[in-house]
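Report on one structure; see the data block that follows.
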Amino acid sequence: MELERVKERVLEGRPGFPRAYGPARVDHQPGIPLFPQEATRDLVVIFLLTAIMFFLSSYLTPFLGPARSPQISELIVPDWYLLFSWGLLKIADIFPTFTLGAGTPLAAEFNPVFWGDVLSGIPIIALLLLPFLDRGREARPAKAPIRSAIGTASIAAIFTASLYSIREVISERWLSPNGAPLIPDNTQKWFFVIPPILVGLVTYTALRRLGYQPMRRWLVPNVTVPAIIVCAQSAAILLLPGWLGAEALPYVVWIAVHLVLLSAASAAVAVAVIALPETRARDVSAWTIVLAVLAFAGLSIYMDATDRNGYSWVLSVLYPNMNTLLLLPMFAVMTAWLGTRRPYSTYEYLLNECYQCGKCHTVCPVTKVEDDALGGLNLVYNTFKKQHDGVPLWTCLACDACSAVCPLDIKYSDYILEERAKVHAKMAADGGEREWP
Amino acid sequence: MAVTETEYGPGRTIPHPVMFRVLDSEAEDTTIPEIKVVHKAEVAYYPGCVDYYDVEMQFSHMNYGDTNHGIIFDSSIKLLRAVGIEPMVLDRSFMKCCGHDQLWQGKVDVFEKMRDYNTRIIKMLGVKTLVTSCAEGYRTFRLDYKLDGVRVVHITQFLYERGLRIPPQPETARKVRVAYQDPCRSCRQMPVGAVYEEPRELIKRVDNAELVELKTFRADAQCCGVAQMMYCNDKTKGLTRKRMDEATEVQADYLLTACPKCLTHFGCLHHENRWKPGEERYGYKVMDITQFLAERLPGDYPTGGNVDARRKEPPLPGRKGGGS
Amino acid sequence: MATGDLRKDTGRTVFGWLKSRFPTVPYADLTRVVLETDQRQMPRSHAEKYELKTIWYWYPLYCLGGISFVAFIILTITGILLGFFYVPDGRLEIAATGDLTNAAWQSMLTIMNDIPFGFIIRGMHHWAAHIMIAAVFLHMCRVYFTGAYKKPRELNWLLGVILLLITLAFGYSGYLLPANNLSEGAANIGINMSRASPVIGDQLATLLFGDINTLAGAYILRWYWIHVFILPLVGTGLMILHMSLVWLQGVAEPH
Chain G
59 MELERVKERV
69 LEGRPGFPRA
79 YGPARVDHQP
89 GIPLFPQEAT
99 RDLVVIFLLT
109 AIMFFLSSYL
119 TPFLGPARSP
129 QISELIVPDW
139 YLLFSWGLLK
149 IADIFPTFTL
159 GAGTPLAAEF
169 NPVFWGDVLS
179 GIPIIALLLL
189 PFLDRGREAR
199 PAKAPIRSAI
209 GTASIAAIFT
219 ASLYSIREVI
229 SERWLSPNGA
239 PLIPDNTQKW
249 FFVIPPILVG
259 LVTYTALRRL
269 GYQPMRRWLV
279 PNVTVPAIIV
289 CAQSAAILLL
299 PGWLGAEALP
309 YVVWIAVHLV
319 LLSAASAAVA
329 VAVIALPETR
339 ARDVSAWTIV
349 LAVLAFAGLS
359 IYMDATDRNG
369 YSWVLSVLYP
379 NMNTLLLLPM
389 FAVMTAWLGT
399 RRPYSTYEYL
409 LNECYQCGKC
419 HTVCPVTKVE
429 DDALGGLNLV
439 YNTFKKQHDG
449 VPLWTCLACD
459 ACSAVCPLDI
469 KYSDYILEER
479 AKVHAKMAAD
489 GGEREWP
Chain D
452 MAVTETEYGP
462 GRTIPHPVMF
472 RVLDSEAEDT
482 TIPEIKVVHK
492 AEVAYYPGCV
502 DYYDVEMQFS
512 HMNYGDTNHG
522 IIFDSSIKLL
532 RAVGIEPMVL
542 DRSFMKCCGH
552 DQLWQGKVDV
562 FEKMRDYNTR
572 IIKMLGVKTL
582 VTSCAEGYRT
592 FRLDYKLDGV
602 RVVHITQFLY
612 ERGLRIPPQP
622 ETARKVRVAY
632 QDPCRSCRQM
642 PVGAVYEEPR
652 ELIKRVDNAE
662 LVELKTFRAD
672 AQCCGVAQMM
682 YCNDKTKGLT
692 RKRMDEATEV
702 QADYLLTACP
712 KCLTHFGCLH
722 HENRWKPGEE
732 RYGYKVMDIT
742 QFLAERLPGD
752 YPTGGNVDAR
762 RKEPPLPGRK
772 GGGS
Chain S
2 MATGDLRKDT
12 GRTVFGWLKS
22 RFPTVPYADL
32 TRVVLETDQR
42 QMPRSHAEKY
52 ELKTIWYWYP
62 LYCLGGISFV
72 AFIILTITGI
82 LLGFFYVPDG
92 RLEIAATGDL
102 TNAAWQSMLT
112 IMNDIPFGFI
122 IRGMHHWAAH
132 IMIAAVFLHM
142 CRVYFTGAYK
152 KPRELNWLLG
162 VILLLITLAF
172 GYSGYLLPAN
182 NLSEGAANIG
192 INMSRASPVI
202 GDQLATLLFG
212 DINTLAGAYI
222 LRWYWIHVFI
232 LPLVGTGLMI
242 LHMSLVWLQG
252 VAEPH
């Protein structure tokens with residue numbers, strides 16, 4: 059009876075719905091031929107690339123400059139891709155200098171250049187060892203929070219190392235009103251390490267949330283500790299004598315406004331994460347980001363337009379402490395927002411996890427007895443493609459044997475519950491069940 | 452049966468046994484009647500729809516005394532008394548059906564009405580522990596109801612915790628091989644509180660019973676074939692048969708289950724098989740684990756009230772078939 | 002006349018001339034088989050094959066390896082063209098005007114000013130180098146984030162890391178060659194880093210740069226040879242191996 063109609067609708071002539079699996083399968087889909095389709099596709103990209111290079115060569119000629127001379131006076135900056143190594147070289151002056159075996163032929167001097175070599179070698183060693191350190195099976199980046207966090211932190215570290223390599227340029231170019239560098243070397247050294255750590259933590263937070271893991275125990279320390287640091291430092295700068303130089307005192311009001319804004323933003327999200335339920339905390343975080351950014355931008359534009367001198371004093375307080383006063387509030391609000399976001403939870407997104415391993419098909423008892431299921435009922439996958447036409451939906455026993463073996467823990471019974479409820483709701487909305495047509 | 456046109460094409464239909472019509476219409480009435488409990492206690496026992504199944508099976512001529520659901524209720528009371536608990540019986544006179552089948556059939560609004568009504572009564576009566584003898588009820592009360600402050604246990608869990616002891620069987624009793632069916636609802640579907648070990652432990656306490664595992668057991672156990680009373684056709688019978696064949700393969704003398712629904716489906720096929728002469732495939736007895744344990748305790752107990760003793764055989768073919 | 006039938010072509014055609022002297026037929030046939038075989042079709046991606054409603058927006062990142070290879074080809078071709086005119090001699094000279102100069106830098110001037118389209122060829126070489134390094138780095142990031150270095154692709158990842166180092170060495174040697182002040186400064190940094198190695202420092206610097214300082218300009222010739230012969234030989238071989246492994250093992254797709 060209806061089974062025949064179901065068979066017609068579902069099984070005949072529908073692509074991508076295999077009748078058999080494994081050796082019995084005969085409908086392997088061909089790919090695109092190498093020539094002419096794939097070759098054309100590739101040639102387009104190649105021509106585009108070549109055209110871009112022609113354009114760049116014609117309009118942006120590479121620099122040549124005067125011939126080399128042994129006494130060069132200007133600062134030489136290597137090409138961008140080796141700046142990170144130069145930065146590592148320069149940061150190595152925090153390491154101690156000593157010599158082992160001085161005076162002997164095997165004397166080894168442990169000086170900053172040597173330490174710089176070692177530091178440059180560490181990323182290489184880490185890259186080489188990577189496949190042997192990370193032996194997990196999970197490939198998708200969204201499902202591997204730690205690996206992705208380390209990845210983003212490393213990219214941020216390459217960036218900050220490159221910035222540190224031009225520390226002299228930065229120190230000389232931007233000065234505070236009293237002539238000292240606006241971003242002193244100490245701040246730059248800390249900027250080398252702090253942003254990568256923060257970026258990694260934020261990435262981890264966002265992906266941890268995506269994986270539906272418990273968030274409170276992670277969020278509370280990550281948001282409150284930065285907030286406490288920012289508030290404490292702001293209070294110390296404003297209240298303790300000696301932090302602000304005598305020349306900066308006339309501008310203490312503006313400095314205070316900025317510091318209060320940063321502290322308030324951090325404190326607001328910290329309180330929200332601790333005290334409010336998740337949806338409220340998410341709203342508070344989102345609003346804090348928007349309002350704080352607008353307020354900060356507005357303040358900067360206003361001050362820059364009206365009181366340039368005062369603004370430079372404000373910056374002379376903010377920039378040397380930028381690792382705590384500027385980066386930590388950003389980190390706190392981003393962590394709070396990303397950690398309370400609503401992850402996708404509809405069953406379509408969850409079913410999307412399926413990678414068609416076929417285990418559900420193997421254990422499903424219905425597939426052993428249903429005629430139209432004997433050939434090609436790959437439960438989760440076919441459901442996802444909406445090629446079920448009621449067959450798995452209504453004959454499913456909801457015994458969860460498929461969920462028990464699914465390597466991705468997809469709960470098929472959730473789908474059944476929802477879909478059946480939907481059908482009934484639709485029937486009710488249409489005015490009740492139809493008896494015989 | 453009604454035809455359902457879904458957006459995916461002609462869908463399957465949902466058979467609605469008369470029983471379900473009765474239960475669903477029951478859900479509409481939300482007034483709470485006067486509640487008279489025989490004995491008030493903090494431990495409550497909810498028997499569920501066991502008596503209704505007896506009636507349904509008799510009505511459909513699927514049962515002539517070899518499957519008895521009502522005895523589950525009586526066995527459970529006896530077992531609870533044996534561990535020193537006099538439970539408060541949550542009778543069907545003031546409770547409604549737990550709503551499991553309605554929920555899984557998609558009739559969510561009916562389920563929600565039943566749930567709200569039952570939850571109110573459970574709260575009103577001050578229940579601290581809710582014991583059920585039905586795996587589907589266990590899952591529904593534990594996961595789909597929000598019973599804060601109430602601990603939901605399956606009867607086998609409760610008996611195991613309270614240390615039920617089965618006295619040594621008389622020496623004349625021969626050794627029996629006992630197979631156990633893990634219900635889907637209380638085992639594989641429970642993310643917390645799966646009931647795998649307790650029934651097995653209780654079976655092992657019967658000294659003449661040897662627990663034999665079926666071919667698929669624990670989390671791999673094959674479903675009994677029908678769920679939420681969705682269908683009764685050759686496919687579901689095929690699955691039930693597959694499962695019962697596994698019991699034949701291990702030469703079981705008893706097939707025990709912890710869910711009255713599984714008992715219904717096994718019993719139905721068992722009964723069919725009994726009346727097909729020459730094809731006696733299932734020589735073993737099918738019963739609920741509570742009945743099995745209660746039989747091995749000393750003392751009598753009422754043995755179910757809904758099986759019509761006059762019905763011994765199926766009616767003769769033809770409209771004027773015999774029987775009452 | 003050529004009938005198109007490999008077996009029947011006589012000596013009067015070009016291919017027939019070749020055929021009567023070298024065993025071309027089995028190899029020609031093999032080529033035809035290789036081209037026409039099913040495996041020569043580009044396989045459908047997992048998402049295409051199963052019509053998955055899945056995240057598609059990172060599929061373009063999978064062409065980064067190919068882009069770096071295309072950039073390498075462009076670098077090879079422009080490099081060959083530049084090699085006709087570049088002189089790898091960094092010794093200091095005094096020009097007729099009295100300024101300090103050297104032959105390498107003079108050849109660069111010639112390329113930029115006198116050779117027709119020389120500045121474009123040099124520009125292509127320069128920009129292709131940057132694009133290749135950027136593409137290689139982004140390719141490595143893509144492989145890292147999609148976990149495509151896991152079993153069974155560990156060997157390919159190791160090859161890739163070595164290729165990354167070779168690419169960086171290519172870039173470094175590339176901007177050492179024009180013998181301008183950038184080259185001088187970079188060579189100084191390199192020499193200092195080599196000399197800092199314990200025990201073998203000075204020998205290492207001499208091996209790589211020809212001298213323990215840049216005064217004599219010996220590093221130009223050494224790095225020219227590294228840039229033009231050693232690195233291309235090793236690099237091309239490893240690139241072919243790297244791509245063959247991908248061909249054999251298939252592309253690792255995320256889901």
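Protein sequence lines correspond, in order, to chains G, D and S. In this text, residue positions in the first sequence follow my numbering: the first is 59, and each later residue adds one. In this text, residue positions in the second sequence follow my numbering: the first is 452, and each later residue adds one. In this text, residue positions in the third sequence follow my numbering: the first is 2, and each later residue adds one. Ideal placement from N, C-alpha and C gives every residue a C-beta, glycine not left out. Since the structure is predicted, the reported quantities are computational estimates derived from the model, not experimental observations.
- In this model, residue 735 of chain D and residue 681 of chain D are separated by some 27 Å (Cα to Cα).
- For residue 631 of chain D, the enclosing beta strand (DSSP E) starts and ends at 627-632.
- One thing to note: residue 111 of chain G has its Cβ within 9 Å of the Cβ of residue 124 of chain S.
- Put simply, of G/369, G/139, G/138, G/108 the residue whose alpha carbon is nearest the alpha carbon of residue 306 of chain G is G/369.
- A Cβ-Cβ distance of about 20 Å is found for the pair residue 272 of chain G and residue 390 of chain G, leaving them out of contact under the 8 Å criterion.
- Taking C-alpha positions only, residue 427 of chain G is separated from residue 632 of chain D by approximately 20 Å.
- Residue 556 of chain D sits buried, since 16 or more C-beta atoms from the chains shown fall within 10 Å of its C-beta.
- Runs of beta strand (DSSP E) with 3 or more residues, each lying fully within the stretch 343-417 of chain G, are absent.
- The Cβ neighbour count for residue 165 of chain G, taken over all protein chains shown within 10 Å, is under 16; the residue is labelled exposed.
- For residue 94 of chain G, the three-state secondary structure derived from DSSP is helix.
- Within chain G, 185, 186, 188, 189 have C-beta atoms less than 9 Å from the C-beta of residue 158 of chain S, given in sequence order.
- Around the C-beta of residue 721 of chain D, 16 or more other C-beta atoms lie within 10 Å, and the residue is accordingly described as buried.
- Taking a beta-carbon distance threshold of 9 Å, residue 455 of chain G counts as an interface residue toward chain D.
- Taking a C-beta cut-off of 9 Å against chain G, none of the residues of the stretch 704-728 of chain D qualify.
- About 5 Å separates the Cβ atoms of residue 69 of chain S and residue 133 of chain S, confirming a contact at the 8 Å cut-off.
- Counting of Cβ neighbours within 10 angstroms places residue 475 of chain D among the buried residues, the total reaching 16 or more.
- Cβ neighbours of residue 217 of chain S within its own chain (closer than 7 Å, five residues either side excluded): 92.
- Neighbours of residue 290 of chain G in chain S, taken as residues whose beta carbon is under 8 Å from its own, are absent, since the nearest beta carbon is some 37 Å off.
- The beta-carbon of residue 374 of chain G is placed no less than 9 Å from the nearest beta-carbon of chain D.
- With the criterion set as a beta carbon lying under 8 Å from some beta carbon of chain S, the members of the stretch 197-226 of chain G are 197, 198, 199, 202, 205, 206, 209, 213, in sequence order.
- Leaving aside the five residues that flank residue 239 of chain S on each side, the residues in its chain whose CB is nearer than 8 Å to its CB run, in chain order, 160, 163, 164, 167.
- Between residue 733 of chain D and residue 695 of chain D, the gap from beta carbon to beta carbon is short of 9 Å.
- C-alpha of residue 365 of chain G to C-alpha of residue 358 of chain G: approximately 10 Å in a straight line.
- 9 Å or more divides the Cβ of residue 228 of chain G from the Cβ of residue 213 of chain G.
- For the stretch 182-195 of chain S, residues whose beta-carbon sits nearer than 9 Å to a beta-carbon of chain G comprise 182, 183, 184, 185, 186, 187, 188, 189, 190, 193, 194, 195.
- Its chain contains 596, 597, 598 as the residues whose beta carbon lies nearer than 8 Å to that of residue 570 of chain D, once the 5 sequence neighbours on both sides are disregarded; these appear in chain order.
- With respect to the 9 Å criterion, residue 395 of chain G and residue 340 of chain G are classified as neighbours on the basis of their beta carbons.
- In the DSSP assignment, residue 158 of chain G falls within the beta strand (DSSP E) that extends over 156-158.
- For residue 635 of chain D, the closest C-alpha among the options D/529, D/713, D/658 is that of D/713.
- Taking 9 Å as the cut-off, the beta carbon of residue 125 of chain G is found closer than this to the beta carbon of residue 102 of chain S.
- Annotated three-state conformation of residue 94 of chain S is strand, per DSSP.
- Take residue 334 of chain G, set aside five residues on each side of it, and the residues of its chain with a beta-carbon closer than 7 Å to its own are 342, in chain order.
- Under the three-pair Cβ rule at 8 Å, the stretch 740-753 of chain D does not count as touching the stretch 671-689 of chain D.
- Taking a contact to require three or more Cβ pairs closer than 8 Å, the stretch 148-161 of chain G and the stretch 253-270 of chain G do not qualify as touching.
- If you compare the alpha carbons of D/489, D/546, D/654, D/627 with that of residue 528 of chain D, the shortest gap goes to D/489.
- Taking 3 residues as the shortest admissible run, the stretch 601-660 of chain D contains the following complete beta strand (DSSP E) segments, listed from N- to C-terminal end: 602-605, 627-632.
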